[in-house]
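In the working numbering, the protein residues as written are 4 to 100.
Right, dumping it as structure tokens:
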């Protein structure tokens, strides 16, 4: 399966890493690596995520850290939509995912 990062998902990952790194650089690196490892696993197991809150999506919970990755599977492609901290409010409209 091919992975495609939306601009929002890439921005989310970079932002969370920068935010954490302000006080804990090593933790920021560890969190980013765990998210990336989880996404790499998703490539071979695209249906592993639970059904998403938005129709047509799935949600992958990152083990051990409070992040969820909503994504969409289309034929041979996995589209990574966002990287959310579990305490964040989700967008009301599916267009904002």
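No residue lacks a Cβ here, since even glycine has one placed at the ideal position from N, Cα and C.
- Residue environment analysis places residue 52 among the buried positions, since at least 16 neighbouring C-beta atoms fall within 10 angstroms of its C-beta.
- Contact annotation: residue 61 and residue 55 have beta-carbon atoms nearer than 8 Å.
- Contact check for residue 75 and residue 84: beta-carbon distance about 6 Å, within the 8 Å limit, so the pair qualifies.
- Here residue 41 is near residue 63, since their CB atoms are less than 8 Å apart.
- Looking from the CA of residue 71, the closest CA among 87, 13, 58, 82 belongs to 87.
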